[in-house]
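Student: Let me give you the structure first, and then I'll get to my questions.
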Amino acid sequence: MKKESKKSKYFFRTLFGFLVVFVALLIAFESGYYESRMSNRAVLTKEAMDRFESDVEEGKVVDIEDYLKSDRVDYSNGITKLGNKISNGISKIMTNGLSGLFEALKGLFW
1 MKKESKKSKY FFRTLFGFLV VFVALLIAFE SGYYESRMSN RAVLTKEAMD
51 RFESDVEEGK VVDIEDYLKS DRVDYSNGIT KLGNKISNGI SKIMTNGLSG
101 LFEALKGLFW
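Using the working numbering, the first residue of the sequence shown is number 1, and each one after it goes up by one.
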């Protein structure tokens, strides 16, 4: 009997993982999950449009941000904020450093 190689073992595990994801997405689609989310969004939009129209008729100051619902969830914490600060600092140093380098090279060759 031949032993199954590690490569084929990983291939079949990956294939099985893709099959599980495919079945989960198929069930979600067939159960109407996506359509119900879109219809809820349309209802909320219609309600927001009605509120907007009534506010305009009443002469209130309107701002579009008051009528839009944001689905974005902020998952940032102290570590991600620190990482963003470090990344922005490195980006700023690299941008200024490279522009200074190009200016120095320009001065040497042109």
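Positions of the beta carbon are idealized from the N, C-alpha and C atoms, including for glycine.
(1) Whole angstroms is fine: what's the gap from K106's alpha carbon to K85's?
(2) So the candidates are L25, R51 and F18; which of them puts its Cα closest to the Cα of D66?
(3) Residue range of the alpha helix (DSSP H) that V21 falls in?
(4) Closer than 8 Å by C-beta to M38: which residues in its own chain qualify, once you throw out the five before and the five after it? Chain order, please.
(5) Return the first residue and the last residue of the alpha helix (DSSP H) that I88 is part of.
Tutor: Looking at the atomic coordinates:
(1) As a first step, residue 106 is located in the sequence shown; it is residue number 106 there, counting from the start. As a first step, residue 85 is located in the sequence shown; it is residue number 85 there, counting from the start. C-alpha separation (whole angstroms): 31 Å.
(2) Taking the sequence shown and counting its residues from 1, the one referred to as residue 66 is at position 66. Ranked by how close their Cα comes to the Cα of D66, the residues L25, R51 and F18 have R51 in first place.
(3) Stepping through the sequence shown from its first residue, residue 21 is reached at position 21. Annotation: the continuous alpha helix (DSSP H) that includes V21 extends over K6 to E30.
(4) Numbered from its first residue, the sequence shown carries residue 38 at position 38. Hits under 8 Å: none found.
(5) Here residue 88 is taken as the residue at index 88 of the sequence shown, counted from 1. What sits at residue 88 in the sequence shown is Asn, not Ile. Looking at the DSSP string, the run of the alpha helix (DSSP H) that includes N88 is G78 to F109.
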